[in-house]
Ligand SMILES: [Cu+2]
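Shown next, in the form of structure tokens:
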């Protein structure tokens, strides 16, 4: 077996590992807090494939409810809720229990 095989295989494995790591790093998880009846940050930009994680820090329930009807995430007191973004667009959302809690999610392709 020629000597060059070993460095080549090692390089391939390294390249594959590097690719795997970079692919998984593309999809991000973005946290949005709900505390004292406020959504923070109220404006978030994310990409398709990213995960939004709402963190309810209040002692009562909230929701993240899309005005266009695309999604409705229930957030029990002191609990988190997640949503994987499937399509691009700007979505206004609010809390069904506290309609003054409003925010905007902009999803880019
Ligand atoms: Cu609420």
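Residue numbers (the numbering used here): 387 to 495. Backbone N, C-alpha and C fix where the C-beta goes; we use that ideal spot for every residue, glycine too. Owing to the predicted nature of the structure, the values given are computational and were not obtained by experimental measurement.
Sub-9 Å separation of residue i and residue j beta-carbons
i	j	result
residue 462	residue 486	no
residue 428	residue 490	yes
residue 414	residue 433	yes
residue 436	residue 452	no
Same chain, Cβ closer than 7 Å to residue i, five either side skipped, listed in chain order
i	result
residue 421	443, 444
residue 440	418, 420, 450, 459, 461, 466, 467
Close beta carbons around residue i, own chain, < 6 Å, minus the five adjacent residues each side
i	result
residue 425	487, 489
residue 457	469
Beta bridge counterpart(s) of residue i as assigned by DSSP
i	result
residue 491	430, 477
Cβ-heavy atom distance, residue i to ligand 1, below 8 Å
i	result
residue 489	no
Close-in-space but distant-in-sequence residues of the same chain around residue i (CB under 8 Å, 5 per side omitted)
i	result
residue 494	431, 432, 433, 434, 474
Legend entry - Runs of beta strand (DSSP E) wholly within the region 409 to 469 (minimum 3 residues, chain order): Counting only runs that start and end inside the region 409 to 469, the beta strand (DSSP E) elements of at least 3 residues fall at 415 to 421, 424 to 426, 429 to 433, 437 to 442, 448 to 452, 458 to 461.
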